[in-house]
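A short write-up of the structure that comes next.
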Amino acid sequence: MVTEATREIMRYAFVQAGFHRLEARCNASNPGSFRVMEKLGMSFEGVLREQLKIKGQFVDQRLYSILRQDTEWSV
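Be aware that the sequence shown starts at 14, since it is given in the numbering used here, and climbs by one per residue.
Quick look at the structure:
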């Protein structure tokens, strides 16, 4: 359900709002989140080391992106 809802947000961003690129981040230790980004066709760009502080601890973030030209909505 999360994948389908996010796909609609991406469609709106590319088709209606005219975005060229979208980015997303998630905790590197959360495979459920980064699998969603991979299912959406987003490309893994790297790890942002100790980028976010959660409950007093710095955690790594995985960075993903997708370009409009990489989607079914490229025009």
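Just so it is clear, CB atoms sit at the ideal spot from N, CA and C, and this is done for glycine as well.
For residue j and residue i, the rounded distance between their alpha carbons
{"i": "GLU63", "j": "ARG81", "result": "29 Å"}
{"i": "GLU21", "j": "GLU85", "result": "12 Å"}
{"i": "GLU17", "j": "PHE32", "result": "19 Å"}
{"i": "VAL60", "j": "GLN29", "result": "30 Å"}
{"i": "ALA41", "j": "LEU65", "result": "11 Å"}
Sequence-distant residues of the same chain with beta carbon closer than 6 Å to residue i, five excluded per side
{"i": "CYS39", "result": "SER46, PHE47 and ARG75"}
Residue environment, residue i, which counts as buried when at least 16 other CB atoms sit within 10 Å
{"i": "TYR77", "result": "buried"}
{"i": "MET55", "result": "buried"}
{"i": "MET14", "result": "exposed"}
Other residues of its chain near residue i: CB distance less than 8 Å, five sequence neighbours each side excluded
{"i": "ARG34", "result": "SER78, ILE79, LEU80 and ARG81"}
Contacting residues, own chain, Cβ-Cβ under 7 Å from residue i (five flanking each side not counted)
{"i": "LYS52", "result": "THR16"}
Coarse secondary structure for residue i, derived from DSSP in three states
{"i": "GLU85", "result": "coil"}
{"i": "LYS66", "result": "strand"}
Per DSSP, the bridge partner or partners of residue i
{"i": "VAL72", "result": "LEU65"}
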